[in-house]
Structure formats: C-alpha cells, structure tokens
Amino acid sequence: LKEKHKILHQLLQNSTS
Amino acid sequence: SGDMSPTVSMDELEHLAQNISKSHMETCQYLQEELQQSTWQTFLQDEVECYQSKPKEVMWQLCAVKITEAIQYVVEFAKRIDGFMELCQNDQIVLLKAGSLEVVFIRMCRAFDTQNNTVYFDGKYAGPEVFKVLGCDDLITSAYDFAKSMCSLHLSEDELALFSAFILLSSDRSWLQEKSKVEKLQQKTQLALQHMLQKHQRGEEILTKLICKVSTLRGLCSRHTETLSAFRAVYPDIVRAHFPPLYKELFG
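Chains as they are written, first to last, in my numbering: chain Z, 22 to 38; chain U, 72 to 323.
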C-alpha cells in the first residue's frame with residue numbers, strides 16, 4: 022500500500038509545521 | 072458503544088477533545104471569519120456562464136485541484152490527532168484514502184451559505200449551476216444537500232472537529248492491519264464527541280443524526296469514484312497528464 026501511495030506516505034512523513 | 076473500556080477518564084476525554092479541536096482549527100483551510108466576510112461575494116451571471124462554457128475536462132481538472140488542496144489540509148489534521156501517527160503506516164494510509172474526502176464533505180458545511188445555496192469555491196460563493204459542465208448533477212446536488220443538512224445541525228467548530236475525527240478514524244475500513252487499535256481511538260473520539268454535546272446541552276438526537284451521516288458520506292464518496300471512472304474512461308490522457316498526482320493516488 023505504501024508503494025502505491027508514495028505522495029500520501031511522503032505527506033505523512035513530513036513534519037507538521 | 073457498550074463495550075467501551077472503563078479506563079477512559081473525563082480528563083482524558085477533555086484532553087482529546089482539546090487536541091482534536093486545536094488540530095481542526097490549525098488545519099481548517101479557511102477561518103470562519105474569512106468565510107463569513109466573503110458570503111456577499113457570489114459569482115455574477117457572466118462569471119457563472121464563464122465556468123459553464125469551459126471545456127468539461129478543464130473544469131474537472133480545476134475541481135480535482137481544489138479537492139486535492141482541501142485533502143492536503145485533512146492529511147495535516149489527521150497527523151495532529153493524538154494517536155493517529157502511532158498507528159502503523161499501512162493503517163494511516165488506509166484511513167486517509169477512505170476518509171479524507173468524507174472529511175472534505177463535512178468541512179464543506181463551514182463554507183456553505185444556506186440562504187442562497189452556495190459554497191465557497193475558487194474565490195467566491197458558487198451555486199450548483201457553476202458545476203454544470205462537469206456532467207454529474209446528481210453528485211453535485213447530493214453534495215449541496217449534504218452540506219445543507221449538516222448546517223441545519225448548527226454544530227460548533229469543536230463538535231465539527233470531533234465528528235471529522237470520528238469519521239477519519241472509522242475502524243470498519245477494509246485492509247486495516249491493527250483494527251482494534253483504530254477501534255479504541257474511534258471509540259474514545261465518539262465518547263469525547265458525546266461528552267462535548269452533553270456539555271453544550273445538545274439533545275441526544277444530535278449524535279444519532281450524526282451517526283446517520285456515516286452512510287450518506289460513504290454514498291457521496293462512492294458516487295465521486297464512479298463519476299471519476301466514467302470521466303476517466305472518456306478522457307484517460309487528461310487524467311494521466313493533468314490531474315494532481317495525490318488525487319490520482321487516492322481515487323485512481
């Protein structure tokens with residue numbers, strides 16, 4: 022699932038601003 | 072829910088409610104004041120006609136961009152909810168894939184003017200006729216009706232925040248790996264919502280009405296998926312080349 026949702030995964034990894 | 076763990080204290084519920092309200096306010100995209108100041112700005116007839124005369128695929132692309140922007144705020148909302156980032160990555164993705172658009176539909180009521188049946192879109196308030204060229208009148212009408220019915224409940228921002236979190240943490244989504252962990256979070260959120268409604272002296276029926284919205288939201292989202300796949304069948308290259316990658320990832 023992570024592989025198919027790279028952008029979402031990236032957004033989740035980014036620290037909250 | 073009758074099988075709620077008895078270990079949830081009032082303090083814990085208050086803390087969760089505060090955390091969720093704060094997360095909502097930090098990520099709500101538009102402040103209530105901004106939206107209220109703009110309500111007099113509805114699209115003029117020639118502006119409406121301008122949207123109606125756009126090529127179908129251009130309007131679809133514009134809407135996909137707007138939905139994607141709204142979803143990015145929902146992702147930020149989720150990340151700030153206590154416990155969400157402690158779920159496994161698979162479940163974070165599952166919950167957002169299934170629930171982010173549902174939260175966008177919930178949030179739509181904040182930007183909805185019941186007086187003239189318009190919603191804030193692309194800088195002004197737009198009636199359903201603005202979206203005519205999309206060719207999905209049913210979906211548009213249902214989305215407006217849903218916003219109208221949410222508005223009729225007159226939820227406070229805190230209540231809206233908790234309801235949004237409750238929807239996002241739905242433990243019955245397919246493909247969850249740690250279902251019981253999500254279930255506990257959702258149950259706690261429901262209790263916090265219940266507690267908040269009681270504190271605000273809202274009647275018991277409000278919670279019942281909110282729970283009934285769950286199936287309406289699912290219906291709206293599946294209709295969105297069906298409409299998108301019908302559009303994609305005719306315009307595959309437009310979707311591939313011009314739609315936001317996050318939108319394609321979530322709904323493709």
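We put the beta carbon where it would ideally sit given N, CA and C, even for glycine.
Counting the other CB atoms within 10 Å of its CB gives glutamate 147 (chain U) a total of 16 or more, which places it among the buried residues. In the three-state reduction of the DSSP assignment, aspartate 82 (chain U) falls in the helix class. The criterion of a C-beta distance shorter than 7 Å is satisfied by alanine 135 (chain U) and phenylalanine 314 (chain U). Per DSSP, the beta-bridge partners of valine 190 (chain U) are U:Phe183, U:Ala197. Leucine 166 (chain U) is positioned such that its CB atom lies closer than 7 Å to that of leucine 239 (chain U).
Under a criterion of Cβ atoms nearer than 7 Å, no residue of chain Z is adjacent to isoleucine 152 (chain U); the nearest Cβ is some 11 Å distant. The beta carbon of leucine 133 (chain U) sits closer than 8 Å to the beta carbons of Lys125, Asp193 from its chain, once the five residues preceding and following it are set aside; these are given in chain order. Going by beta carbons, alanine 88 (chain U) and methionine 221 (chain U) fall outside the 7 Å limit.
With respect to serine 94 (chain U), isoleucine 142 (chain U) sits apart: the two C-beta atoms are not nearer than 7 Å. For the 7 Å CB-CB criterion, leucine 115 (chain U) and cysteine 292 (chain U) do not form a contact. At a cut-off of 7 Å, the C-beta of proline 307 (chain U) has no neighbouring C-beta in chain Z. Chain Z has no Cβ within less than 7 Å of the Cβ of glutamine 100 (chain U).
Taking the Cβ atoms as the reference, valine 145 (chain U) lies roughly 6 Å from valine 175 (chain U), within the contact range of under 8 Å. Proximity to isoleucine 91 (chain U) across U:Tyr306, U:Gly170, U:Leu233, U:Lys259 peaks at U:Leu233, based on C-alpha coordinates. According to DSSP, threonine 113 (chain U) shares a beta bridge with U:Tyr196. With fewer than 16 neighbouring CB atoms inside 10 Å of its own CB, cysteine 121 (chain U) falls in the exposed class.
In the structure shown, arginine 273 (chain U) adopts coil according to DSSP, grouped into three states. Using a CB distance cut-off of 7 Å, asparagine 161 (chain U) counts as an interface residue toward chain Z.
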